[in-house]
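Colleague:
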Amino acid sequence: MIIVLRNLIFLFSFICLGSSQSIPKHGHRLVGGWMPKDIDYEPAKDNAKYAAKLINDQSNDMYFQNLIHIHDVKSQVVGGVKYNITFDMSKTICRKNEIDSDKPEQCVPDRNATIKRCYAVVYERPWESKRQLLDHKCNNHLSYSEYFNDTNIAREQEYQQNRKMNLLIEHFT
């Protein structure tokens, strides 16, 4: 009788523990789902620069566009890593044929241009040194003066602080 009771308790414990692990708790991410990343995460920054370079290469504009800010990054593990990146770009005063596209920092933004908000999906398999821009879209966002005014900068700083706090909370819960 004791052996039967012990086996029933073991079976009950196994069923309860097994089922609780297969049902995600509120707030936890599923394996293979999109995970938020810090905008200062080095692979995210590298992939944003990669996307900006390809967007420049594909653009018919004679002026170089510069990556000026990474707004949001999410990653997903899928036989490699997909990065969903939101970033801002500005047209510069440099003509594409006058600069090395690997050195965008040498160009200053055109103060008369509209800042673009870009969304890009980059797929990377770093162990194979493979990277691919799967999708991208850029839309006019704000004028230069609106983008660089104190109110917008403060709003973006608050957004990033809240985002970092949420990332920390998610990490420890």
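Numbering (our numbering), first residue to last: 294 to 466.
Virtual Cβ for every residue (Gly too), placed ideally from N, Cα, C.
Since we're looking at a predicted model, the values are computed, not measured.
Determine the direct distance from the alpha carbon of Ser368 to that of Asp381, and round the result to whole angstroms.
Modeller: Taking the straight line from one Cα to the other gives about 18 Å.
Colleague: Please report how far the alpha carbon of Ser352 lies from the alpha carbon of Val374, in whole angstroms.
Modeller: Whole-angstrom Cα-Cα distance: 26 Å.
Colleague: Going straight from the alpha carbon of Lys338 to that of Ile332, what length do you get?
Modeller: In a straight line, the C-alpha of Lys338 is about 7 Å away from that of Ile332.
Colleague: Among Glu439, Pro329 and Asn349, which residue has its Cα nearest to the Cα of Ala406?
Modeller: Nearest option by C-alpha distance: Glu439.
Colleague: Mind checking Gln425: buried by the 16 CB within 10 Å criterion, or exposed?
Modeller: So Gln425 ends up on the exposed side.
Colleague: Let me confirm a value: Leu360 is counted as buried when at least 16 other C-beta atoms fall within 10 Å, else exposed. Which label applies?
Modeller: Buried: at least 16 other Cβ atoms inside 10 Å.
Colleague: So what's Tyr356 in DSSP terms, helix, strand or just coil?
Modeller: In this structure, Tyr356 counts as strand in the three-state DSSP scheme.
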